[in-house]
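Asks:
Number of protein chains: 2
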Amino acid sequence: MSTTHQDEREFLSHYNIHDYDVPLTSVDLVIFTVREEVLQVLLVRRGEHPFKEMWSLPGGFIDIHRDQDLEATALRKLREKTGVVTPYLEQLQGFGNKTRDPRGWSSTFAYFALIPSEHIELAHGANTEAAQWFRVEENSVQPELAFDHAQILAIAILRLRNKVEYTSLPVHLLPEQFTLSELQGIHEVVLGRTVDKSAFRKRIKEGNFVEEIPDAWRYGSNRPAKLYRRANQPTVYFNRAMGGRVEEKD
Amino acid sequence: MSTTHQDEREFLSHYNIHDYDVPLTSVDLVIFTVREEVLQVLLVRRGEHPFKEMWSLPGGFIDIHRDQDLEATALRKLREKTGVVTPYLEQLQGFGNKTRDPRGWSSTFAYFALIPSEHIELAHGANTEAAQWFRVEENSVQPELAFDHAQILAIAILRLRNKVEYTSLPVHLLPEQFTLSELQGIHEVVLGRTVDKSAFRKRIKEGNFVEEIPDAWRYGSNRPAKLYRRANQPTVYFNRAMGGRVEEKD
DNA sequence: GCCCTTAGTATTTTACTGCAACTAACTTAG
DNA sequence: CTAAGTTAGTTGCAGTAAAATACTAAGGGC
Numbered sequence: 000m001s002t003t004h005q006d007e008r009e010f011l012s013h014y015n016i017h018d019y020d021v022p023l024t025s026v027d028l029v030i031f032t033v034r035e036e037v038l039q040v041l042l043v044r045r046g047e048h049p050f051k052e053m054w055s056l057p058g059g060f061i062d063i064h065r066d067q068d069l070e071a072t073a074l075r076k077l078r079e080k081t082g083v084v085t086p087y088l089e090q091l092q093g094f095g096n097k098t099r100d101p102r103g104w105s106s107t108f109a110y111f112a113l114i115p116s117e118h119i120e121l122a123h124g125a126n127t128e129a130a131q132w133f134r135v136e137e138n139s140v141q142p143e144l145a146f147d148h149a150q151i152l153a154i155a156i157l158r159l160r161n162k163v164e165y166t167s168l169p170v171h172l173l174p175e176q177f178t179l180s181e182l183q184g185i186h187e188v189v190l191g192r193t194v195d196k197s198a199f200r201k202r203i204k205e206g207n208f209v210e211e212i213p214d215a216w217r218y219g220s221n222r223p224a225k226l227y228r229r230a231n232q233p234t235v236y237f238n239r240a241m242g243g244r245v246e247e248k249d
Numbered sequence: 000m001s002t003t004h005q006d007e008r009e010f011l012s013h014y015n016i017h018d019y020d021v022p023l024t025s026v027d028l029v030i031f032t033v034r035e036e037v038l039q040v041l042l043v044r045r046g047e048h049p050f051k052e053m054w055s056l057p058g059g060f061i062d063i064h065r066d067q068d069l070e071a072t073a074l075r076k077l078r079e080k081t082g083v084v085t086p087y088l089e090q091l092q093g094f095g096n097k098t099r100d101p102r103g104w105s106s107t108f109a110y111f112a113l114i115p116s117e118h119i120e121l122a123h124g125a126n127t128e129a130a131q132w133f134r135v136e137e138n139s140v141q142p143e144l145a146f147d148h149a150q151i152l153a154i155a156i157l158r159l160r161n162k163v164e165y166t167s168l169p170v171h172l173l174p175e176q177f178t179l180s181e182l183q184g185i186h187e188v189v190l191g192r193t194v195d196k197s198a199f200r201k202r203i204k205e206g207n208f209v210e211e212i213p214d215a216w217r218y219g220s221n222r223p224a225k226l227y228r229r230a231n232q233p234t235v236y237f238n239r240a241m242g243g244r245v246e247e248k249d
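Following this line, the structure appears as structure tokens:
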């Protein structure tokens, strides 16, 4: 046993990653928010080769000296671009093949973040490396994207729609305080269809993932609405979609 | 534009990954089957450092010269260990941090495979690198595992149970021909509870992911059962669990 | 003070699950 | 040859939950 341990120390002292042909490994982010009543995604204009000057998902290489783990890399990139430090963040999926990056065999861990639209300070970066919100149209975005980022985005949109349908996750797209109608609106914007009010409110009551803010109301030119905030709960999963119809054009 | 392209060529001709500190990147596999009426997972005994002689998930480094993409790496490893060439295979999740591998910052793409238990030729490899099936007990397996493989396995088991509950995926754990009772048995073994027969058969009918084999029956000492095979359909998702009770001990 | 609008609740109607009983088709024992 | 035992597969019913819709509540504007 002790021999094995000594063997291992011996082995490690001679190990050098630069002796091997390894792939590039990066982390990319799909950052969603709802602005102007519409789902939007954050893109950055690339300041360097390859794909210089094309729009792409924010991301970059793992800094093996500064980053403890993959999530730390993702959070660092998110913070650099948006200033947001406590987003909803989950891993989307890995992508890796010979051809996605002209520099060589490349793999990436794609992450998926939700942030409220308010108080976001986008990174400018002198002309290049600028960040900007783009509207999500159906399954994609208007500009052509670098690498295989269009594919990653499409998968992220699917995943988002699915999670909005089946989990309590949409609360992360709203600011601190919100009304139930606003939360329902988020559902409708992301899913692209109306949602039944009583089914929606029943889910809210049963899920316990939001709580009333005592004595807080949003006033308008009609009956005031109760204000809610996120409860300190992990994501809740529901096993059914909610009722609703696809909106008809009129 | 042409200038940008020339710039990019210039840039690429000088790019050398060995100039950078990069993480290790590997692919690991969680291979499930149902044998002896019980869920089992394939492990290999490590023949080399680090963690020499410990049990671990099968896997290894991406061979950037032979592997087209991540899935190709996963399929190659699966084939080397089991001989199986057409498994059900999906990506589980990525794992990566500073500490999981003593050789340095390491990331892995974990895959999740289902294979039928029949006709599997396990790799022997002279004493070391031997592959063996282990019973899944609750959320883990009896031997201690190398790296963070116990964590990866636990997540894979959760994912499997969830998918068995909500998708048509269990068909991939059975051989070419099977009866509906056998398929129901797979559900019960993986989920650890009984499943209602009529709810189960209703799901089968609606899902269209299996088809009757004409004139084929399994005979026993009682009424013969119709034989079925997988239909050529992608995985079907259901939005409800099926009825059933947790088995009571007697 | 009435109307309009949005918030929020109650009721009815409809569909489907969960459960259990039932029939079907074979083998084996006597 | 028949009865018993076992597993395959279907049917029917009752309780429950979801979808649809009608309703009440509470403000502001005029």
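Residue numbers (numbering that gives the first Met the number 0), protein chains in the order written: chain A, 0 to 249; chain B, 0 to 249. A virtual CB, placed ideally from N, CA and C, is assigned to each residue, including glycine. Since this is a predicted model, take the numbers as computed values, not measurements.
1. Please state the DSSP three-state secondary structure of F199 of chain B.
2. With a threshold of 8 Å between beta-carbons, can N126 of chain A be considered close to chain B, or not?
3. Taking Cβ positions only, does K162 of chain A come closer than 8 Å to chain B?
4. Count the other C-beta atoms from every protein chain shown that fall within 10 angstroms of the C-beta of H13 of chain B, then say buried if there are 16 or more, exposed otherwise.
5. Quick one: what's got a C-beta closer than 6 Å to F111 of chain B's C-beta in the same chain, skipping five residues either side?
6. Do you know offhand how far K196 of chain B's Cα is from R99 of chain B's?
7. Taking a cut of 9 Å between CB atoms, which residues from the segment 222-245 of chain B lie near chain A?
8. With 7 Å as the C-beta to C-beta threshold (strictly closer), list the residues of the segment 13-25 of chain A near chain B in chain order.
9. Please classify D66 of chain B: is it buried, with 16 or more other beta-carbons within 10 angstroms of its beta-carbon, or exposed?
10. Would you call Y218 of chain B buried or exposed, if buried means 16 or more other Cβ atoms sit within 10 Å of its Cβ?
11. To the nearest angstrom, how far is it from the Cα of L226 of chain B to the Cα of I212 of chain B?
12. Please state if the CB of T178 of chain B and the CB of P22 of chain A are separated by a distance shorter than 8 Å.
13. Between S139 of chain A and the rest of its own chain, which residues show a CB-CB distance below 7 Å, the 5 nearest in sequence each way excluded?
14. Once you ignore the five residues that flank V194 of chain B on each side, which residues in its own chain have a CB closer than 7 Å to its CB?
15. If you measure beta-carbon to beta-carbon, which residues of the segment 90-123 of chain A are closer than 7 Å to chain B?
16. Could you check which residue in B:V189, B:L121, B:F146, B:Q176 has the C-alpha nearest to that of N161 of chain B?
17. Return helix, strand or coil for T98 of chain A, following the three-state DSSP convention.
18. With a 10 Å radius around its C-beta and 16 neighbouring C-beta atoms as the bar for buried, classify T72 of chain A as buried or exposed.
19. Would E52 of chain A be called buried (16 or more neighbouring beta carbons within 10 Å of its own) or exposed?
20. Under 9 Å between beta-carbons, which chain B residues line up against Q67 of chain A? List them in chain order, please.
21. According to DSSP, which residues form a beta bridge with A130 of chain B?
22. With 16 as the cutoff for other CB atoms within 10 Å, does D27 of chain A come out buried or exposed?
23. Inspect the beta-carbon positions of T32 of chain A and P142 of chain A and report whether they are closer than 8 Å.
24. Step through the CB atoms of chain B and report whether any lies within less than 8 Å of the CB of I156 of chain A.
25. Please classify P57 of chain B as buried or exposed, where buried requires at least 16 other C-beta atoms within 10 Å of its C-beta.
26. Where D18 of chain A and R44 of chain A are concerned, what is the direct C-alpha to C-alpha distance, given to the nearest angstrom?
27. Among residues of its own chain, excluding the 5 on either side of T81 of chain A, which ones have a beta-carbon nearer than 8 Å to its beta-carbon?
28. Can you tell me whether H17 of chain A is helix, strand or coil according to DSSP?
29. Report the neighbours of I63 of chain B on chain A: residues whose CB is nearer than 9 Å to its CB, in chain order.
30. Tell me the rounded alpha-carbon separation between A125 of chain A and W54 of chain A.
31. By DSSP, does P213 of chain A sit in helix, in strand, or in coil?
32. Pick helix, strand or coil for E175 of chain B, following the three-state DSSP scheme.
33. For T32 of chain B, name the three-state secondary structure that DSSP assigns.
34. Which value, in whole angstroms, describes the spacing of the CA atoms of W216 of chain A and R239 of chain B?
Replies: Put simply:
1. helix
2. Legend: pLDDT at N126 of chain A = 47, less than 50; position of this residue unreliable, value from coordinates given subsequently. So no, N126 of chain A is outside the interface.
3. no
4. exposed
5. V29, E89, L91, A155
6. 44 Å
7. N238, R239, A240
8. Y14, I16, H17, D20, V21, P22, L23, T24
9. buried
10. exposed
11. 6 Å
12. no
13. A149, L152, A153
14. Q183, H186, E187, M241, G243
15. Q90, Q92, G93, G95, N96, K97, P101, R102, G103, W104, S106, F108
16. B:V189
17. coil
18. buried
19. exposed
20. N96, K97, T98
21. B:V43
22. buried
23. no
24. no
25. buried
26. 34 Å
27. I30, L41, I114, I119, E120, L121, A122, A130
28. helix
29. D20, V21, P22, K97, G103, W104
30. Residue placement at A125 of chain A is flagged as unreliable, the pLDDT there being 49, under the threshold of 50; the coordinate-derived value follows with that caveat. Between A125 of chain A and W54 of chain A, the C-alpha separation is close to 16 Å.
31. strand
32. coil
33. strand
34. 37 Å
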